[in-house]
Ligand SMILES: O=C(O)C(=O)C[C@]1(C(=O)O)C=C[C@@H](O)C=C1
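Numbering (full-length UniProt numbering), first residue to last: 1 to 324.
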């Protein structure tokens, strides 16, 4: 009997409990849907040059977005002055002048454009002189910041420097992410070989043979060229670009495919080397200075300075000093 009584009461209690739980859950869901709905109505996505910024729509229907976030996407410098309660969005040009120095990123391994001399621990070369002249024109000092070819773009985008200078090839893949100045030098990819092999390598076909050994540095246009054009020759990646001409001279590798200007430079100083096809290179390229996207005031100032350098023959003088 006791057992019968117990089984009769249980379904009623269980039913009531389930009803209470379901009721609470449903009312919570309705409440949270209402909350989400009002949140999503207030939050706005602002697209600036392809970057998504999170904003809020205020009660008067205005879109509120962080000034810092917008400035950053537009390549501008954003500062907050608490004393005057002011947000300042300025061109990098103004920031550099106010800061008193320009930060120039450079690889330091590409003669005659940029070379970090281990004896003096100073950068030297064509573009190092050019950077000093640019700083002088702006009335500021120059700070050189070492970068590498594989990390050049990453370092620029991380704002480690204002501009990169030092034998940088103008390439669309870089222009998509940053901004190039006008060109200042033209060159082409050509082979640096041993002088005794002068008659052996007269075309790309002569070089792209399975018995030929090519040395290439990573991350730049040399490597891009080798990847695109060399199918049969043996390719060794040499981390330090400065070691490859010596490896060619000493017979460790047979060929370095590089910029004709660099090939001519090494052949001039080492009589074991020869700059083949430098008057008829495999490609046509231009060098330029690389800086951040979006800041037209800064870009105009760099291009203006370069026009002056061309007009007054200063680039020509740098070529005479470093290249010819
Ligand atoms: O990437 C570039 O823009 C360069 O021109 C740099 C680069 C390269 O192509 O790897 C050019 C020649 C030097 O031997 C080293 C670096």
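All C-beta atoms in this analysis are idealised placements derived from N, C-alpha and C, irrespective of residue type, glycine included. All values reported here derive from a predicted model rather than from experimental measurement.
N- and C-terminal bounds of the alpha helix (DSSP H) containing residue i
i	result
residue 322	314-322
residue 282	No alpha helix (DSSP H) holds residue 282; DSSP gives it neither H nor E.
residue 71	67-73
residue 227	221-229
residue 331	No answer is possible for residue 331: it lies beyond the span of the chain, which begins at 1 and ends at 324.
residue 247	244-249
residue 96	92-99
residue 173	172-175
Closer than 8 Å: residue i CB and nearest ligand 1 heavy atom
i	result
residue 110	yes
residue 105	no
residue 149	yes
residue 196	no
residue 224	yes
residue 328	Lying outside 1 to 324, the shown extent of the chain, residue 328 is not represented and no answer is given.
residue 179	no
residue 220	yes
residue 283	no
residue 186	no
residue 258	yes
residue 172	no
residue 229	no
residue 165	no
residue 262	yes
Residue span of the beta strand (DSSP E) that contains residue i, given as start and end
i	result
residue 286	285-287
residue 194	189-194
residue 273	273-275
residue 269	Taken as a continuous stretch (DSSP letters only), residue 269 belongs to no beta strand (DSSP E), being part of the alpha helix (DSSP H) at 260-269.
residue 78	77-81
Distance CB(residue i)-CB(residue j) smaller than 9 Å
i	j	result
residue 165	residue 114	yes
residue 190	residue 281	yes
residue 299	residue 181	yes
residue 201	residue 143	no
residue 123	residue 148	no
residue 278	residue 296	no
residue 187	residue 321	no
residue 216	residue 257	yes
residue 87	residue 95	no
residue 233	residue 197	no
residue 45	residue 52	yes
residue 185	residue 64	no
residue 110	residue 262	yes
residue 66	residue 77	no
residue 195	residue 273	yes
residue 292	residue 138	no
residue 218	residue 237	yes
Residues that residue i bridges to, as DSSP identifies them
i	result
residue 43	56
residue 216	237
residue 205	Looking at the DSSP assignment, residue 205 forms no beta bridge with any residue, so it has no partner.
residue 117	122
residue 164	105 and 290
residue 137	Note: residue 137 sits in no beta bridge, so no partner.
(message) Check whether the segment 145-164 and the segment 304-311 touch, using three or more Cβ-Cβ pairs below 8 Å as the test.
(response) no
(request) Inspect the CB distances between the segment 238-258 and the segment 172-181 and report whether three or more fall short of 8 Å. (result) no
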